[in-house]
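Here this note's numbering is used: the first residue of the sequence shown is -1, the next is one more, and so on. Everything on this sheet refers to the single structure shown next.
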Amino acid sequence: MRVLIVGGNAGGASVATRLRRLRPDVEVVVFERGQYVSYANCGLLYYLEGTIADRSALFVETADSLRSKHGIDVRLQSEVVGIDASAHTITVHNAATDARSIEHYDKLVLAMGAEPVWPQIPGIDGENVIPMWSIPHMDRIAALVQGGARSAVILGGGYVGCVMAEALRKRGLNATIVEEAAQTISFVDPDIAVYTQQELEKHGISVRLGQHVERFSARAGGGQTVVLAGGGSIDADFVVVAVGVRPLSRIARDAGLAIGDSGGIAVSPSLRTSDPDIYAVGDAIEVTHTVSGAAMAIPLAGPAHQQARIAAANIAGVGGGWSEQYPGTQGSSVLKVFDISCASTGANSAQLQRRNIPFNSILIHPMSHAEYYPGAFPIHLKLLYGSDGRVLGAQAAGRDGIAKRIDIIATAIYFGAHVGDLDNLQLCYSPPFSSARDPVNVAGSVAKAHLISKDS
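This is the structure we're talking about:
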């Protein structure tokens, strides 16, 4: 069997290595349009800020290591530009030689990932206006910082925008975030996102919310002037565009494969596309949100690796006639900005409202561990739950213990827990780590009392 994989980063590389372990007899070929495979996309910003000093540490695998350690044929600078599903072939363009070739497959895996959204703003294609999503983008920004840049505007106040602002501030630059929405980080509700905004501003980052960029104008001495629609402008040595990403699904669409409303490739729970011999994983696909039931594109590394393992197992046929199933994406994520973390799991208020799902919510502010033990900080914890008590989502912000609490609730949501189950959880306790009643217990107790009071 010959398996071709389009895309050599998280999803594609994981399919390749997992498939090689399950079926050493299978021929595996990876086509990557760029110069790098299997790098830590989530670590790029930490290299920019200086926390990761060694650039080579970002590479989980290289093309050479995939070849020598795993016996995988890796073709760099090789862009798949077409799929003929009926003939079981792909067309590959080699950027180094400008040659085209036809490759046959028995099974095909699409793992192209996502691409940065590039808004149609006049001047956006000017000098030093840069997206942030890949190693080449990181290298361009690093060169500007090392070359003496002193100021930057970040267009977008989401995950990448906030962490980018921190990275540049730590390198001594003046950083300004310009965000069209009324809050930063849209994966949480405004009453949790505000703590991230406050932390950014506390460290000298200007956060401009509800602002639309009218145009970019090149400055005579270099850099850009960012002109705002409501009046005013910001001068900067460079601009980072971080307004989100979208699935890379064009070749799938052109091949006649089904595409979801989100723009991602439609797949079954076994990760098959509308063609039974073509699979798709990672940021290129549309997934079902496990709580809201919405079809969405959710670009997260954890689900991409999980999907890759499932697709590899199904291609390898290790289930004895049964296919492994992807359960959907819960959207668990965490963000660190300077001294605070912000995390979320399940559905937020906006997602539930869009799906017309009734819900209740409580917001509590317990301490991260026993208050009498030094170093305790407030945890701002929001719990969303249905009228039947089923836990629908949770969000938290604070300096300590944030990811732990959200991970606990993420597990509870996965198993269909009710708020009373959170109240009854028996969690680790010692004064440096928690209180005798953990914040998760308290959230469950308060939510349960709220439901009882509504019924009485």
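Using N, Cα and C, we set each Cβ at its ideal position, and we do this for glycine too. Computed from a predicted model, the values in this text were never measured in an experiment.
Per the coordinates, the alpha-carbon of Arg16 lies some 32 Å from the alpha-carbon of Cys340. Counting every other CB atom within 10 Å of its CB across the protein chains shown gives Gln144 a total below 16, marking it as exposed. For the options Val115, Val90, Val332 and Pro364, the alpha carbon positioned closest to that of Tyr103 is the one of Val90. Nearest Cα to Ser231 within the set Ser215, Val241, Val243 and Gly219: Ser215.
Distances from the CA of Val225 to each of Tyr383, Ser385, Arg206 and Leu171 were compared; the closest alpha carbon is that of Arg206. Note that the C-beta distance between Ile276 and Leu20 is not below 9 Å.
For the pair Ala61 and Gly6, the CB atoms are nearer than the 9 Å cut-off. With a 10 Å radius around the Cβ and a threshold of 16 neighbouring Cβ atoms, Val316 comes out exposed. No Cβ-Cβ contact shorter than 9 Å links Gln196 with Pro188. Your pair Asp281 and Val243 checks out as a contact, with CB atoms roughly 7 Å apart and the cut at 8 Å. The DSSP-derived three-state label of Val444 is helix. Going by C-alpha positions, Asp453 is about 60 Å away from Leu64. Here Glu47 carries a helix assignment [DSSP, helix/strand/coil].
Taking a 10 Å sphere around the C-beta of Asn439, we find 16 or more other C-beta atoms and assign the residue as buried. In the assembly as shown, Tyr324 is a buried residue. Its beta-carbon has 16 or more other beta-carbons within 10 Å.
Val151 places its beta carbon less than 9 Å from that of Val237.
A distance of 9 Å or more separates the beta carbons of Gly399 and Asn422. For a cut-off of 8 Å, the C-beta gap from Leu2 to Ile88 is around 6 Å, short enough to register as a contact. When the Cα atoms are used, Thr49 and Thr288 turn out to be separated by approximately 35 Å. Shortest Cα-Cα distance from His363 to any of Gln393, Ala348 and Gly414 involves Gln393. As a beta-bridge residue in DSSP terms, Leu207 pairs with Glu177. Taking the Cα of Asp71 as reference, the smallest distance to any Cα among Ala38, Asn39 and Phe29 is reached at Phe29. As DSSP reads the structure, Ala395 sits in a beta bridge with Cys340 and His378. Excluding the 5 residues flanking it on each side, Pro114 has same chain C-beta neighbours closer than 6 Å at Pro129, Trp131 and Val243, in chain order. Taking C-beta atoms under 8 Å as the contact rule, Ala83 and Gly254 qualify, at a distance of about 7 Å. With a 10 Å radius around the Cβ and a threshold of 16 neighbouring Cβ atoms, Ala445 comes out buried.
Its chain contains Tyr427 as the residues whose beta carbon lies nearer than 6 Å to that of Ala434, once the 5 sequence neighbours on both sides are disregarded; these appear in chain order.
Residue state for Asn422 is assigned as helix, using DSSP reduced to three classes. DSSP, read as helix, strand or coil, puts Thr409 in helix. Close CB contacts of Asp337 within its chain, under the 6 Å cut and outside five residues either way in sequence, are with Arg397 (chain order).
In the structure shown, the three-state DSSP call for Asn7 is coil. For Asn39, the number of other beta carbons within 10 angstroms of its own is at least 16, and it is reported as buried.
Judged by beta-carbon spacing, Val186 lies beyond the 9 Å limit of Gly154, meaning their Cβ atoms are not closer than that value. Residue pairing for Asn358: DSSP places it in a beta bridge opposite Tyr383. For Leu390, the secondary structure class from DSSP, reduced to helix, strand or coil, is strand.
Rounded to the nearest whole angstrom, the CA to CA distance from Ala310 to Leu269 is 10 Å.
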